[in-house]
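The next block holds one structure in the form of structure tokens; read it before the comments.
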Amino acid sequence: NAGVTQTPKFQVLKTGQSMTLQCAQDMNHNSMYWYRQDPGMGLRLIYYSASEGTTDKGEVPNGYNVSRLNKREFSLRLESAAPSQTSVYFCASSAAIYEQYFGPGTRLTVT
Amino acid sequence: GESVGLHLPTLSVQEGDNSIINCAYSNSASDYFIWYKQESGKGPQFIIDIRSNMDKRQGQRVTVLLNKTVKHLSLQIAATQPGDSAVYFCAENIRGNQFYFGTGTSLTVIP
Chain A
527 NAGVTQTPKF
537 QVLKTGQSMT
547 LQCAQDMNHN
557 SMYWYRQDPG
567 MGLRLIYYSA
577 SEGTTDKGEV
587 PNGYNVSRLN
597 KREFSLRLES
607 AAPSQTSVYF
617 CASSAAIYEQ
627 YFGPGTRLTV
637 T
Chain B
119 GESVGLHLPT
129 LSVQEGDNSI
139 INCAYSNSAS
149 DYFIWYKQES
159 GKGPQFIIDI
169 RSNMDKRQGQ
179 RVTVLLNKTV
189 KHLSLQIAAT
199 QPGDSAVYFC
209 AENIRGNQFY
219 FGTGTSLTVI
229 P
């Protein structure tokens, strides 16, 4: 039981490049989330998916898109990376709207 | 949007002492709160939660207190150990799947 896994662990992009962050969970959770964490700030919700087939914007969705591929997988795409998107990205999942389980994070640098 | 704040950004305690980490929230409609622990280089890990119809909840060596009158919650860690050194976040749920996270308190345990 791996919990929540994220790939890649580290990534460096040039401004304007695109990439997809992958997330998978093996806990049969309905809900999945993408957060970003910046120094001196709390986790901020980018997008979430309450159940397979649905996605909703969070607090900071601009510049990102998501896909809930199936119940296990929830990906985050940056179409045209900007330096302001340099951050640590966390994926999480939950059985309901409560306790969330987090992955180890992806450290993204955009130069 | 609503924000969750912490009174102290850093806290140092002697091993074996009790630790108290505080959190203020601003939305009186918030009905559910979670404390997370985040070790360096890892994702947040659930510690304990509390609903707004409760004043106190205890776990293993941890207690969360909720004071709705002054919109304040605290996390108490008994007999603090070196392994408790981490950043602690409170998170507040006010609607659906969305949580707002505080900036965190960094706890350092002095051996």
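Those protein sequence lines, which keep their order, are chains A and B. Per this note's numbering, residue 527 is the first one in the first sequence, and the count goes up by one each step. Per this note's numbering, residue 119 is the first one in the second sequence, and the count goes up by one each step. Ideal placement from N, C-alpha and C gives every residue a C-beta, glycine not left out.
Residue i - DSSP class collapsed to helix/strand/coil
i: residue 582/A; result: strand
i: residue 199/B; result: coil
i: residue 156/B; result: strand
i: residue 130/B; result: strand
i: residue 593/A; result: strand
i: residue 178/B; result: coil
i: residue 543/A; result: coil
i: residue 216/B; result: strand
i: residue 135/B; result: coil
i: residue 626/A; result: coil
i: residue 577/A; result: coil
i: residue 610/A; result: helix
i: residue 140/B; result: strand
i: residue 167/B; result: strand
i: residue 636/A; result: strand
i: residue 538/A; result: strand
Beta-carbon proximity list for residue i, same chain, < 7 Å, skipping 5 on both sides
i: residue 534/A; result: 632
i: residue 613/A; result: 562, 563, 564, 634
i: residue 583/A; result: 573
i: residue 596/A; result: 578
Best match in the options for proximity to residue i [C-alpha to C-alpha]
i: residue 564/A; options: 605/A, 618/A, 586/A, 529/A; result: 586/A
i: residue 544/A; options: 591/A, 550/A, 576/A; result: 591/A
i: residue 213/B; options: 157/B, 151/B, 227/B; result: 151/B
i: residue 577/A; options: 182/B, 166/B, 215/B; result: 215/B
i: residue 187/B; options: 179/B, 156/B, 172/B; result: 172/B
i: residue 114/B; options: 229/B, 227/B, 207/B; result: Outside the modelled stretch of chain B, which goes from 119 to 229, sits residue 114/B, for which no answer is possible.
i: residue 536/A; options: 160/B, 174/B, 143/B; result: 160/B
i: residue 620/A; options: 581/A, 611/A, 528/A, 553/A; result: 553/A
i: residue 145/B; options: 191/B, 197/B, 196/B, 195/B; result: 191/B
i: residue 147/B; options: 195/B, 201/B, 189/B; result: 189/B
i: residue 588/A; options: 579/A, 528/A, 538/A, 610/A; result: 610/A
Same chain, Cβ closer than 6 Å to residue i, neighbours up to 5 away in sequence not counted
i: residue 599/A; result: 550
i: residue 569/A; result: 561, 563
i: residue 605/A; result: 544
i: residue 170/B; result: 149
i: residue 128/B; result: 224
i: residue 168/B; result: 151, 175, 182, 184
Where residue i meets chain A, residues with beta-carbon distance less than 9 Å
i: residue 160/B; result: 628, 630, 631
i: residue 152/B; result: 624, 625, 626
i: residue 167/B; result: 624, 625
Pair within 8 Å by beta-carbon distance, residue i and residue j
i: residue 219/B; j: residue 204/B; result: no
i: residue 221/B; j: residue 629/A; result: no
i: residue 530/A; j: residue 627/A; result: yes
i: residue 158/B; j: residue 225/B; result: no
Cutoff 8 Å; reference residue i; Cβ partners in own chain excluding five residues on either side
i: residue 602/A; result: 546, 547, 549, 560, 572, 573, 590, 591, 592, 615, 617
i: residue 540/A; result: 607, 636, 637
i: residue 228/B; result: 130, 131, 132, 133
Contacts of residue i in chain B (Cβ-Cβ under 8 Å)
i: residue 542/A; result: None at all; the shortest Cβ gap to chain B is about 29 Å.
i: residue 576/A; result: 214, 215
Within chain B, the residues that residue i reaches when beta carbons sit closer than 7 Å
i: residue 640/A; result: The first residue shown for chain A is 527 and the last is 637, placing residue 640/A beyond what the model contains.
i: residue 616/A; result: 161
Closer than 8 Å at the beta carbon, the chain A residues around residue i
i: residue 220/B; result: 568
Contacts that residue i makes with chain B (C-beta to C-beta distance below 9 Å)
i: residue 584/A; result: 215, 216
i: residue 571/A; result: 215, 216, 217, 218, 219
i: residue 557/A; result: 215
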